[in-house]
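Report on one structure; see the data block that follows.
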Amino acid sequence: MHTITIYSTPSCPYCIRLKSYLSQQGTSFTNIDVSSDKEGLDKMVSLSGQMGVPVIDIDGQIVVGFDKEKVDKLLA
Numbered sequence: 000m001h002t003i004t005i006y007s008t009p010s011c012p013y014c015i016r017l018k019s020y021l022s023q024q025g026t027s028f029t030n031i032d033v034s035s036d037k038e039g040l041d042k043m044v045s046l047s048g049q050m051g052v053p054v055i056d057i058d059g060q061i062v063v064g065f066d067k068e069k070v071d072k073l074l075a
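According to numbering that gives the first Met the number 0, the sequence shown is numbered sequentially starting from 0.
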């Protein structure tokens with residue numbers, strides 16, 4: 000089982016697609032809404048060096064953006 004954290008905002012279309020994709024796969028994840036969680040935002044920036052969302056942490060591997068191929072590879 001993988002440990003997955005998604006740093007996202009409610010209005011981000013790529014965030015919505017990513018969460019929908021993982022849910023359809025039956026993959027559980029923790030979502031952190033960085034638009035309302037300052038601590039989560041700080042952690043996201045510290046992990047990725049990015050302000051853009053989504054940022055996905057899969058078992059400590061960071062993926063910036065909804066890169067389906069990379070996500071699938073890390074979950075395989």
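All C-beta atoms, glycine included, are put in the ideal place defined by N, C-alpha and C.
Quick one: give me the first and last residue of the alpha helix (DSSP H) that residue i is part of.
i	result
S22	12 to 23
D41	37 to 47
V70	67 to 74
Whose CA, out of the options, lies closest to the CA of residue i?
i	options	result
S27	I57, K72, S35	I57
D66	C14, T2, D41	C14
Looking at the secondary structure, which residues open and close the beta strand (DSSP E) in which residue i lies?
i	result
S7	3 to 7
V63	60 to 63
T26	Note, T26: premise wrong, no beta strand (DSSP E); not H, not E.
Hey, residue i and residue j are a contact pair by Cβ (cut 8 Å); roughly how many whole angstroms apart?
i	j	result
V54	L46	7 Å
Could you give the DSSP three-state label for residue i: helix, strand or coil?
i	result
V52	coil
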